[in-house]
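For reference, the structure is listed below as structure tokens.
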Amino acid sequence: MISVEHLSKHYRAVTAVKDVTFTVPNGVITGFLGPNGAGKSTTMRAMLGLDRPTSGIALIDGQPLSGHDRPATAAGAVLDTSWFHPGRTGLAHLKIAAASAGLTSRSARDALSTVGMTSAAHRRVGAYSLGMKQRLGLATAMLGRPRNIILDEPMNGLDPQGMEWMRTYLRSLADQGHAILISSHLLVEMQTLADRLIIIGQGRLLGQWETADLVVAQRRAARISTQDNAYLAATLSSRGVITEGDAEELRVTFDETIPDTVALSRVCKELDILITALGDEPTRLEDLFLDLTSTSSDYTAGDEKQ
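Here is the structure:
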């Protein structure tokens, strides 16, 4: 398990992270979201002992990563794939990383096999695609078969097959009990993949939720088709409910009058209108993200005076 407790980090006059507290449980994929400059990278670097917090602490299985006898078995991470030397082979990179972590060269070959890169082991990294570099980075993180995994944008550059492989692989790791933290800007992907979501902005924790609970809590509208949409829309509008649509389908915005589909169904029964289709409008994580971070982003479109 990864835990962050009242973590703050100041760089002179700049506060990168301010009093952030959260946990990344075992057996769960946790999405770590926020605008650029929100403090995600600083927080992850503090977890790995790469940045010293101004105050607070980040713990891996109950202690700082540096306190583990074999850190590579406690946590593995991919924060940046640009450090790979283009003239070295993928296997050479992994052997160097394995040696520095006190692991055998066999672990390098095993890690390459795990990410499906055995055939590219002796190819120079300069000839790798972006997706292949992502897999090599993941192989580096998995050298010690760590219990906790921290990944920054692991889906970046992957083709659809690569993304499906990554989803399946990360889910299998979570099912085996690993704690997985993923920072990503791919919100649709995170809504599908992550079990939990943590959102930060301008260095502050904006919230953390179970993804399934968040989707239910953030339902905003229903889609409904009936035998008389015009009558239903007119009735709802007269009661102050916002409706949009046509004879085929209506979008009904939830409010105090119509808080959910049950209430909407009750109105239809009251009006003796036959419902042919009814369901919650799919919740988009992007909408919630934009709402939460609208005042927590350093740069937003249209914020400059002309």
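According to full-length UniProt numbering, the sequence shown holds residues 1 to 306 in order.
Don't be surprised by glycine CBs; every beta carbon is placed ideally from N, CA and C.
Review point. Are the beta-carbon atoms of residue 286 and residue 187 separated by less than 9 Å?
Key: yes
Exercise for review: Measuring alpha carbon to alpha carbon, tell me which of 242, 246, 270, 273 ends up nearest residue 259.
Suggested key: Checking every option, the nearest Cα to that of residue 259 belongs to 242.
Review point. Which residues in the same chain have their Cβ closer than 7 Å to the Cβ of residue 166, if we skip the five residues on either side of it in sequence?
Key: 154, 155, 158
Check your understanding: In the DSSP assignment, what are the bridge partners of residue 150?
Key -> 77, 181
**Study point:** Anticipated Cβ contact below 8 Å, residue 182 with residue 136, distance rounded
**Key:** Their Cβ separation, rounded to whole angstroms, is 18 Å, which puts residue 182 and residue 136 out of contact at 8 Å.
Practice item. May I ask you to report which of helix, strand or coil DSSP gives residue 208? Key: strand
Review point. Taking DSSP as the reference, what is the three-state secondary structure of residue 294?
Key: coil
**Study point:** Reference residue 11; option with closest CA among 275, 105, 54
**Key:** 54
Check your understanding: Terminal residues of the continuous beta strand (DSSP E) containing residue 144?
Key -> Per DSSP, residue 144 belongs to no beta strand (DSSP E) and is neither H nor E.
Review point. So, using beta-carbon positions, are residue 85 and residue 125 closer together than 9 Å?
Key: Contact: yes.
Practice item. Pair every Cβ in the segment 202 to 217 with every Cβ in the segment 14 to 24, then say whether three or more of these pairs are closer than 8 Å. Key: yes
Point to revise | Cβ-based burial, residue 104 [other Cβ within 10 Å; buried from 16] | key: That one is exposed.
Review point. Which residue or residues does DSSP assign as beta-bridge partners of residue 133?
Key: Bridge partners of residue 133: none, in fact.
Point to revise | Between the CA atoms of residue 234 and residue 3 - distance to the nearest angstrom | key: 52 Å
Review point. Counting only runs that start and end within the segment 60 to 106, where is the beta strand (DSSP E) found for 3 or more residues in a row?
Key: 75 to 78
Check your understanding: Does the segment 71 to 82 come close enough to the segment 223 to 237 that 3 or more CB-CB pairs lie under 8 Å?
Key -> no
Check your understanding: From residue 275 to residue 266, what distance separates their C-alpha atoms?
Key -> 11 Å
Point to revise | DSSP beta-bridge partners of residue 11 | key: According to DSSP, which records beta bridges pairwise, residue 11 is partnered with 14.
Check your understanding: Do residue 107 and residue 144 have their C-beta atoms closer together than 9 Å?
Key -> yes
Review point. Are residue 200 and residue 40 closer than 9 Å when you measure CB to CB?
Key: yes
Practice item. Taking residue 257 as part of the beta strand (DSSP E), name the residues at either end of that continuous run. Key: Counting along the chain, residue 257 falls outside any beta strand (DSSP E), and DSSP gives it neither H nor E.
Practice item. Quick one: give me the first and last residue of the beta strand (DSSP E) that residue 277 is part of. Key: Residue 277 -> beta strand (DSSP E) spans 275 to 280.
Practice item. With a threshold of 16 other CB atoms inside 10 Å of the CB of residue 9, please say whether the residue is buried or exposed. Key: By the neighbour-count rule (16 or more Cβ atoms within 10 Å), residue 9 is buried.
Point to revise | Extent of the continuous beta strand (DSSP E) to which residue 33 belongs | key: It spans 28 to 33 - the beta strand (DSSP E) in which residue 33 sits, taken as one unbroken run.
Check your understanding: First and last residue of the alpha helix (DSSP H) that includes residue 45?
Key -> 40 to 47
Review point. Between which two residues does the alpha helix (DSSP H) harbouring residue 244 extend?
Key: Per DSSP, residue 244 belongs to no alpha helix (DSSP H); it is in the beta strand (DSSP E), 243 to 245.
Point to revise | Local Cβ density within 10 Å of residue 147, reported as buried at 16 or more and exposed below that | key: Residue 147 sits buried, since 16 or more C-beta atoms from the chains shown fall within 10 Å of its C-beta.
Check your understanding: Is it buried or exposed for residue 299, if we count other Cβ within 10 angstroms and need 16 for buried?
Key -> At residue 299 the pLDDT is 46, less than 50, meaning the model places this residue with poor confidence and gives no usable figure here.
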